[in-house]
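Engineer: In the working numbering, the protein residues as written are 116 to 337.
Cβ atoms here follow ideal geometry from the backbone N, Cα and C, with glycine treated the same way.
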């Protein structure tokens with residue numbers, strides 16, 4: 116009976132020394148993954164014991180708080196399985212899990228213009244990118260203003276106030292990512308019925324009257 120009890124205790128002890136496995140799956144899109152490796156304190160060391168990439172051992176017992184998994188040897192869009200063996204009382208995590216999401220490609224969902232503004236909706240934009248709103252003029256496409264991205268793999272909506280001229284107003288938006296790749300939206304035309312602004316000058320009373328509220332500058336002809 117004593118032998119059986121000893122055997123059961125030994126098996127239980129052996130099982131407790133085996134680490135847990137965490138899996139992260141996705142696709143390689145040209146960027147490496149970073150893994151957060153918590154430090155558990157003196158005597159316990161770091162959380163991660165082993166990291167495997169598609170079945171191959173990458174590193175064992177990394178003694179850093181963040182580890183970069185080099186995946187540059189993989190072909191684009193290769194399926195990725197990251198297996199992390201770690202201690203029981205911790206959970207490693209990817210600091211940039213979005214880089215192995217099924218589809219990281221930026222895309223335009225909708226662009227439209229109303230009387231007051233242009234609105235565009237996108238998905239999978241970089242937080243380090245920016246937009247340029249452009250207007251078609253007789254001199255070509257000219258920038259109206261720049262808008263900072265919000266970032267993230269989900270849907271984002273942006274807007275910019277506009278000042279249309281009477282008649283047709285053709286706009287488009289450029290997206291610039293951190294690598295300076297550019298994605299241009301479809302152009303959107305808005306026909307404005309606003310009246311042309313005119314003015315009258317009363318030289319005797321030094322009064323200038325406009326048909327609508329405007330901003331203006333006065334210059335001394337000298």
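Label residue 164 either buried or exposed according to how many other C-beta atoms from any shown protein chain fall within 10 Å of its C-beta, with 16 as the threshold for buried.
Structural biologist: Position 49 of the chain shown holds residue 164. By the neighbour-count criterion, in which 16 or more other beta carbons inside 10 Å mark a residue as buried, residue 164 falls on the buried side.
Engineer: Got a sec, what are the start and stop residues for the beta strand (DSSP E) residue 235 sits in?
Structural biologist: Sequence index remark: in the chain shown, residue 235 carries index 120 (1-based). That run of the beta strand (DSSP E) goes 232-240.
Engineer: If you follow the beta strand (DSSP E) that residue 258 is in, where does it begin and where does it stop?
Structural biologist: In the chain shown, counting from the first residue as 1, residue 258 sits at position 143. Segment 255-263, the beta strand (DSSP E) holding residue 258.
Engineer: Name the residue from 170, 274 and 202 whose alpha carbon lies nearest to the alpha carbon of residue 234.
Structural biologist: By one-based count along the chain shown, residue 234 stands at place 119. Among 170, 274 and 202, the Cα nearest to that of residue 234 belongs to 274.
Engineer: Does DSSP classify residue 130 as helix, strand or coil?
Structural biologist: Against the chain shown, residue 130 aligns to sequence position 15. Caution applies to residue 130, whose pLDDT of 35 falls short of 50 and renders its modelled position unreliable; the value that the coordinates give is listed next. Residue 130: helix per DSSP, three-state reduction.
Engineer: Hey, how far is the Cα of residue 335 from the Cα of residue 313?
Structural biologist: Translated into the one-based positions of the chain shown, residue 335 becomes position 220. Translated into the one-based positions of the chain shown, residue 313 becomes position 198. If I take the Cα positions, the gap works out to 21 Å.
Engineer: Return the chain-ordered list of same chain residues with a C-beta closer than 6 Å to the C-beta of residue 297, the five sequence neighbours on each side being excluded.
Structural biologist: Within the chain shown, numbered from 1, the residue matching residue 297 stands at position 182. Result list for residue 297: 289 and 291, in chain order.
Engineer: Does the distance from the CB of residue 236 to the CB of residue 281 come in under 8 Å?
Structural biologist: Translated into the one-based positions of the chain shown, residue 236 becomes position 121. Translated into the one-based positions of the chain shown, residue 281 becomes position 166. Going by C-beta atoms, residue 236 is not nearer than 8 Å to residue 281.
Engineer: Could you please give me the residues that DSSP links to residue 252 through a beta bridge?
Structural biologist: Taking the chain shown and counting its residues from 1, one reaches residue 252 at position 137. Per the DSSP secondary-structure output, residue 252 pairs in a beta bridge with 255.
Engineer: Taking contact to mean 3 or more Cβ pairs, one atom from each stretch, closer than 8 Å, check whether the region 148-158 and the region 170-183 are in contact.
Structural biologist: yes
Engineer: Helix, strand or coil for residue 318? Go by DSSP, reduced to three states.
Structural biologist: One-based indexing of the chain shown puts residue 318 at position 203. Three-state result, residue 318: coil.
Engineer: According to DSSP, simplified to helix, strand and coil, what is residue 120?
Structural biologist: Position 5 of the chain shown holds residue 120. Only weak support is given to the placement of residue 120: the predicted model assigns it a pLDDT of 42, under 50, and the question is left unresolved by the model.
Engineer: What span of residues does the beta strand (DSSP E) with residue 291 cover, start to end?
Structural biologist: The residue given as residue 291 occupies position 176 in the chain shown. Bounds of the beta strand (DSSP E) holding residue 291 are 282-291.
Engineer: Compute the minimum distance between the beta carbon of residue 183 and the heavy atoms of the ligand NAP, and state whether it is under 7 Å.
Structural biologist: Looking for the ligand NAP in the displayed structure turns up nothing, as the structure carries no ligands at all.
Engineer: In this structure, how does DSSP classify residue 175 when only helix, strand and coil are distinguished?
Structural biologist: Here residue 175 corresponds to residue number 60 of the chain shown, with the count starting at 1. Residue state, collapsed to three classes: strand.
Engineer: Would you call residue 168 buried or exposed, if buried means 16 or more other Cβ atoms sit within 10 Å of its Cβ?
Structural biologist: By one-based count along the chain shown, residue 168 stands at place 53. Buried.
Engineer: Rounded to the nearest angstrom, what separates residue 322 and residue 332 at their Cα positions?
Structural biologist: Along the chain shown, read from residue 1 onward, the residue named residue 322 stands at position 207. Along the chain shown, read from residue 1 onward, the residue named residue 332 stands at position 217. Answer to the nearest angstrom: the Cα atoms are 14 Å apart.
Engineer: Using CA atoms only, rank isn't needed, just tell me which of 201, 239 and 171 is closest to residue 222.
Structural biologist: As a first step, residue 222 must be located in the chain shown, where it is residue number 107. Closest by alpha carbon: 239.
Engineer: Which value, in whole angstroms, describes the spacing of the CA atoms of residue 287 and residue 215?
Structural biologist: In the chain shown, counting from the first residue as 1, residue 287 sits at position 172. In the chain shown, counting from the first residue as 1, residue 215 sits at position 100. Near 30 Å, if we compare the C-alpha coordinates of residue 215 and residue 287.
Engineer: So the beta strand (DSSP E) residue 144 belongs to, where does it begin and stop?
Structural biologist: Numbered from 1 along the chain shown, position 29 holds the residue referred to as residue 144. Counting along the chain, residue 144 falls outside any beta strand (DSSP E), and DSSP gives it neither H nor E.
Engineer: Once you ignore the five residues that flank residue 266 on each side, which residues in its own chain have a CB closer than 7 Å to its CB?
Structural biologist: One-based indexing of the chain shown puts residue 266 at position 151. Contacts found: 240, 241 and 242.
Engineer: With burial defined as no fewer than 16 other Cβ atoms inside 10 Å of the residue's Cβ, what is the status of residue 157: buried or exposed?
Structural biologist: The residue given as residue 157 occupies position 42 in the chain shown. It is exposed - the Cβ of residue 157 has fewer than 16 other Cβ atoms within 10 Å.
Engineer: For residue 187 and residue 232, I'd like the C-alpha separation in whole angstroms.
Structural biologist: Along the chain shown, read from residue 1 onward, the residue named residue 187 stands at position 72. Along the chain shown, read from residue 1 onward, the residue named residue 232 stands at position 117. For residue 187 and residue 232, the distance between alpha carbons rounds to 43 Å.
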